[in-house]
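Visitor:
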């Protein structure tokens with residue numbers, strides 16, 4: 003397994019290079035540059051700016067310059083946020099995104115699996131329909147509708163929680179964005195768990211376990227749950243990545259200083275280095291999460307060996 | 003969000019001739035918050051204000067956007083400043099005089115201090131100004147403001163060293179500023195953060211990190227306490243500020259909330275005392291819901307559509323005139339945007355200095371007559387009903403609303419159809435700057451309160467002229483005005499130039515900007531006569547509530 007893990011980690015490097023190269027070319031091919039504004043900058047100032055950020059060089063030279071920095075762990079200077087390096091910006095935004103994304107994912111898994119198990123055990127009953135209806139609500143309503151509704155109820159009407167913002171990982175500020183992401187993800191986890199458990203409960207070894215007279219609780223927890231989780235784990239990878247990186251709406255609705263906002267603003271401002279830095283980061287996170295998912299398969303199903 | 007050009011406030015044109023003397027006499031007036039008698043202040047003087055987006059920098063030399071200028075004016079005080087009504091008042095300079103047409107002398111107050119206790123000297127200003135125009139700094143605004151000062155343009159272009167700039171220290175408390183040509187609005191120009199002082203030892207000690215919390219040394223009413231990108235920027239009262247007794251707020255928190263709906267929700271839940279802007283189409287609703295909190299003031303900004311004067315169809319002035327005549331700006335302002343903006347029938351917005359505002363004569367005609375005349379013009383130009391127009395805009399609800407209205411006006415009144423092409427802001431800018439459009443959304447907020455900032459939009463070969471029009475006679479008048487010391491004559495020439503060039507219909511003026519926002523009724527010192535939208539935190543205070 004160790005050699006498999008090492009191989010996967012090494013394979014990350016060419017993946018990263020391909021992603022960075024494509025992204026680099028796409029960014030430079032997009033119309034409009036980082037210094038285009040409502041007020042057009044003069045040719046002299048543009049030359050000064052290009053010299054400052056090495057944008058006057060041929061594209062291939064700029065690319066090699068960027069790769070050199072990247073290999074030394076330097077993601078370059080941000081064009082938009084003149085006082086900050088991309089490293090600074092990423093290091094400040096990442097903990098916010100990881101915390102919100104991580105906590106919400108964990109809760110979504112726990113709640114989603116519990117709901118899915120309950121729904122499967124009482125399938126086609128009113129309890130099943132009610133549980134699936136509630137959990138699907140989070141999936142059906144878009145986050146830009148659910149988010150403001152949460153704010154309206156808990157921040158404006160009840161005044162229990164802040165309407166937005168971020169204050170040094172204080173739980174009060176995390177509650178609503180985490181709740182929103184949990185509501186969005188719980189349905190997927192719940193649905194997959196339900197379908198998977200129903201299938202597992204129909205297998206021969208479960209029938210045998212029940213025939214032996216084991217109580218349902220033991221059957222589910224000891225024998226059925228582990229194989230049930232294999233398809234659940236498959237969806238957790240992409241869900242976790244999207245919770246961290248694609249939380250643009252959540253970050254906008256709750257005004258959170260995470261990386262989703264940086265990516266969108268970076269792309270709109272043609273902040274090449276910032277976008278590339280974040281793409282590198284997202285690629286690494288995606289690779290690591292996928293690796294963890296693959297390793298989790300082996301733990302859940304001893305038949306799988308690497 | 004759109005980043006406007008950095009606006010500036012000016013002194014009135016008619017008073018300019020005597021400005022130096024008057025201002026010198028009024029030099030001892032405090033510039034900070036004047037609390038009216040009878041007003042009881044709250045015990046907690048802390049304000050939270052949304053700034054609309056994250057600032058691009060706290061380095062005064064690099065400040066470019068309105069949002070960065072807002073924070074910069076709180077942190078750094080320039081030679082002059084502006085009061086809540088937008089008038090120029092003394093800043094670090096307690097008085098100034100104009101020695102000759104192009105030489106100004108500023109006398110610094112001796113009690114001005116940096117936040118670390120060091121005295122603010124003339125050399126701090128010389129260093130700040132030279133740093134601003136130095137090509138190594140690569141400030142975007144160096145080519146906008148730099149050329150007003152002697153040798154500024156050559157320094158930005160790398161032809162002369164920064165030390166050649168026409169700003170020099172006569173002694174520790176006296177500065178001489180020489181201008182290239184006549185700049186009657188120089189005292190106002192000097193209120194700009196770009197021309198502010200910089201604490202050299204701090205820059206040299208910390209390099210690029212000099213603007214970070216814990217490092218930044220400022221001379222304004224506030225100092226930097228905390229800066230978390232995309233989260234908040236916290237300033238506290240500067241205990242070494244020379245006029246600290248008139249600064250009421252002890253802490254100011256700037257939020258960078260871009261989403262206008264989130265901004266309003268933070269306001270409603272009490273976590274924000276001032277919104278930046280209102281969401282599109284909500285002005286009437288919030289005026290009713292928060293009658294005590296809604297504040298709206300017109301600023302020196304214009305919304306207009308650029309006509310590409312090189313376009314085969316639009317190169318005929320009759321077509322451009324016809325298109326302009328039939329748009330009912332009153333209806334647009336009252337029913338479509340409905341947020342307190344006012345109709346615009348010329349190049350210049352109301353309240354601008356340096357020229358009189360003139361409207362098209364037909365703006366007073368009944369609409370039926372305007373339509374009739376427009377139809378005639380189109381017929382003469384050979385444009386038939388059904389002709390297609392192409393319109394480019396950056397994606398936003400506001401722009402869409404306006405474009406649909408304009409398209410419907412042209413369709414119903416002239417029978418012309420308009421294809422609306424919506425695109426990303428940077429793509430629109432590129433198309434506009436390169437002339438790759440037929441009609442395009444455009445807008446301008448004054449860089450400083452003088453008509454010249456708007457005249458750059460229509461001058462031949464001006465970098466800011468996206469219409470590609472040229473009227474040599476108007477250009478000659480503007481050039482004459484620039485060399486005229488008599489301010490009344492200068493204004494007359496500029497008025498004439500604006501009228502002459504607008505008779506060519508290079509663009510389609512639509513509305514003058516208003517900035518409606520929600521400000522808690524307990525926030526005092528918020529003026530509604532602030533044409534440049536400069537709301538320095540030193541002028542604000544919290545009333546007991």
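Protein chains in written order, with the working numbering: chain F, 3 to 308; chain X, 3 to 547.
All C-beta atoms, glycine included, are put in the ideal place defined by N, C-alpha and C.
Computed from a predicted model, the values in this text were never measured in an experiment.
Does the separation of the CB atoms of residue 199/F and residue 239/F fall below 8 Å?
Guide: Not a contact, by the Cβ cut-off of 8 Å.
Visitor: Tell whether a beta-carbon distance below 8 Å holds between residue 372/X and residue 328/X.
Guide: Yes, the Cβ-Cβ distance between residue 372/X and residue 328/X is below 8 Å.
Visitor: Report the option in 69/F, 83/F and 68/F whose CA atom is closest to the CA atom of residue 268/F.
Guide: The residue with the shortest Cα to Cα distance from residue 268/F is 83/F.
Visitor: Can you tell which of 32/F, 169/F, 172/F and 59/F has its C-alpha closest to the C-alpha of residue 430/X?
Guide: If we check each option's Cα against that of residue 430/X, 32/F comes out closest.
Visitor: Buried or exposed for residue 108/X, please, with buried defined as at least 16 other CB atoms from any protein chain shown within 10 angstroms of its CB.
Guide: Burial call: buried.
Visitor: Mind listing which residues of the region 64 to 92 of chain F have their C-beta closer than 7 Å to chain C's C-betas, in chain order?
Guide: You won't find chain C in this structure, because its protein chains are F and X.
Visitor: Verify whether the separation of the beta carbon atoms of residue 344/X and residue 516/X is less than 8 Å.
Guide: Yes, the Cβ-Cβ distance between residue 344/X and residue 516/X is below 8 Å.
Visitor: From residue 29/X to residue 536/X, what does the alpha carbon distance come to, in whole angstroms?
Guide: Caution applies to residue 29/X, whose pLDDT of 43 falls short of 50 and renders its modelled position unreliable; the value that the coordinates give is listed next. Taking the straight line from one Cα to the other gives about 21 Å.
Visitor: Could you confirm whether any beta carbon from chain F is found closer than 8 Å to the beta carbon of residue 23/X?
Guide: Note that residue 23/X scores a pLDDT of 36, beneath 50, so its modelled location is shaky and nothing firm can be said.
Visitor: Residues of chain X with a CB under 7 Å from the CB of residue 139/F: which are they?
Guide: Near residue 139/F there are no residues of chain X at all, since even the closest Cβ is about 22 Å away, more than 7 Å.
Visitor: Return no unless some Cβ of chain F is closer than 8 Å to the Cβ of residue 455/X.
Guide: With 8 Å as the cut-off, residue 455/X does not count as an interface residue toward chain F.
Visitor: May I ask whether a heavy atom of the ligand FMN can be found less than 7 Å away from the beta carbon of residue 278/F?
Guide: This structure lacks the ligand FMN, and indeed carries no ligand of any kind.
Visitor: With DSSP as the reference, identify every bridge partner of residue 309/X, one or two as the case may be.
Guide: Its beta-bridge partners are 441/X.
Visitor: Could you tell me which whole alpha helix (DSSP H) segments of length 4 or greater appear in the region 249 to 333 of chain X?
Guide: You should have 262 to 270, 285 to 291 and 319 to 327.
Visitor: If you pair each beta-carbon of the region 222 to 241 of chain F with each one of the region 19 to 26 of chain F, do three or more pairs fall below 8 Å?
Guide: No: the two stretches stay apart, fewer than three of their Cβ pairs being nearer than 8 Å.
Visitor: Please report the distance separating the alpha-carbon of residue 137/X from that of residue 258/F.
Guide: Cα to Cα, the separation comes out at about 36 Å.
Visitor: Between residue 294/X and the rest of its own chain, which residues show a CB-CB distance below 6 Å, the 5 nearest in sequence each way excluded?
Guide: Closer than 6 Å at Cβ, skipping near neighbours: 523.
Visitor: With residue 95/X as the anchor, note down where its beta strand (DSSP E) starts and where it stops.
Guide: Element bounds for residue 95/X: 95 to 102.
Visitor: Less than 8 Å between the CB atoms is what I'm expecting for residue 196/F and residue 121/F, so what's the real figure, rounded?
Guide: Indeed they touch by this definition, with Cβ atoms about 5 Å apart.
Visitor: I want to verify the contact list: residues of chain X whose CB lies under 9 Å from the CB of residue 62/F, in sequence order.
Guide: Under the 9 Å cutoff, chain X gives no residues; its nearest Cβ is about 23 Å from residue 62/F.
Visitor: I want to see whether chain F comes within less than 8 Å of residue 494/X, judged by CB atoms only; does it?
Guide: Not closer than 8 Å to any Cβ of chain F, the Cβ of residue 494/X fails to qualify, so no.
Visitor: Provide the residue span of the beta strand (DSSP E) that contains residue 509/X, from first to last.
Guide: Unbroken beta strand (DSSP E) run through residue 509/X: 509 to 516.
Visitor: Below 8 Å on the Cβ atoms is my guess for residue 400/X versus residue 52/X; work out the distance and round it to an integer in Å.
Guide: Contact flag wrong, Cβ pair sits at about 18 Å.
Visitor: Give me the Cβ distance between residue 166/X and residue 153/X, rounded to the nearest whole Å; I'm assuming they're in contact under 8 Å.
Guide: Yes, they are in contact, since the Cβ atoms of residue 166/X and residue 153/X sit about 5 Å apart, within 8 Å.
Visitor: What residue ranges within the region 44 to 97 of chain F form continuous alpha helix (DSSP H) runs of no fewer than 4 residues, ordered along the chain?
Guide: Correct list: 45 to 54 and 61 to 73.
Visitor: Contact between the region 459 to 472 of chain X and the region 300 to 317 of chain X: three or more CB pairs below 8 Å?
Guide: Contact between the region 459 to 472 of chain X and the region 300 to 317 of chain X is present, because at least three Cβ pairs lie under 8 Å.
Visitor: Note down, in chain order, each residue of its chain lying with its Cβ closer than 6 Å to the Cβ of residue 298/F, except the 5 sequence neighbours on either side.
Guide: Around residue 298/F: 235.
Visitor: Suppose the cutoff is 6 Å on Cβ atoms and the five residues either side in sequence are ignored; what does the same chain contact list for residue 94/X look like?
Guide: The residues are 79, 81, 110, 114 and 122.
Visitor: For the alpha helix (DSSP H) containing residue 205/X, name the first residue and the last one.
Guide: Segment 202 to 208, the alpha helix (DSSP H) holding residue 205/X.
Visitor: I think residue 487/X touches residue 184/X, with their Cβ atoms under 8 Å apart; what is that distance to the nearest whole Å?
Guide: Confirmed, about 6 Å.
Visitor: Specify the secondary structure class of residue 177/X as computed by DSSP and reduced to three states.
Guide: In the structure shown, residue 177/X sits in a strand (DSSP, three-state: E or B).
Visitor: For the beta strand (DSSP E) containing residue 138/F, name the first residue and the last one.
Guide: Careful: residue 138/F lies outside any beta strand (DSSP E), inside the alpha helix (DSSP H) at 128 to 142.
Visitor: Would you say the region 227 to 234 of chain X touches the region 82 to 101 of chain F, given that touching needs at least three Cβ pairs under 8 Å?
Guide: Result yes; three or more Cβ-Cβ pairs closer than 8 Å.
Visitor: At a CB distance below 7 Å, what residues from the region 60 to 85 of chain X approach chain F? Give them in sequence order.
Guide: Of all residues in the region 60 to 85 of chain X, 60, 61 and 64 have a Cβ within less than 7 Å of some Cβ in chain F.
Visitor: Residue 182/X versus chain F: which residues are under 9 Å apart at the beta carbon?
Guide: None at all; the shortest Cβ gap to chain F is about 15 Å.
Visitor: Which stretch, first to last residue, makes up the beta strand (DSSP E) that contains residue 423/X?
Guide: Per DSSP, residue 423/X belongs to the beta strand (DSSP E) from 419 to 425.
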